[in-house]
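Peer 1:
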Amino acid sequence: MKFILIAAALNLQMTYASEDICQKALSVVKEQDKTAFCIPAGADEASIMLERFLDVMRRMKEIGIDKQ
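Numbering (this note's numbering), first residue to last: 329 to 396.
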């Protein structure tokens, strides 16, 4: 309960990487707050940008740009 009060006071937004992790956390939080619910965070923008960058690097390597 203390964590919930601190989180509310500080406006902390709890997000989880997947629905499975979110549901596990929800089962613990439900003991304190019966109205709690779970919204998974979805895709991480930093991870998406890194994957796009690595994809561009792979394509450049395939066409031979990195050999100059």
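Cβ atoms here follow ideal geometry from the backbone N, Cα and C, with glycine treated the same way.
Hey, quick one: how far does the alpha helix (DSSP H) through E390 stretch, first residue to last?
Peer 2: For this step, residue 390 is matched to residue 62 along the sequence shown. Start and end: E373 to I391.
Peer 1: Excluding the five sequence neighbours on either side, which residues of its own chain have a C-beta within less than 8 angstroms of the C-beta of K358, listed in chain order?
Peer 2: Working through the sequence shown from its first residue, we reach residue 358 at position 30. A364.
Peer 1: At the level of alpha carbons, what is the spacing between D383 and A353?
Peer 2: Reading the sequence shown from its first residue, position 55 is the one you call residue 383. Reading the sequence shown from its first residue, position 25 is the one you call residue 353. Taking the straight line from one Cα to the other gives about 34 angstroms.
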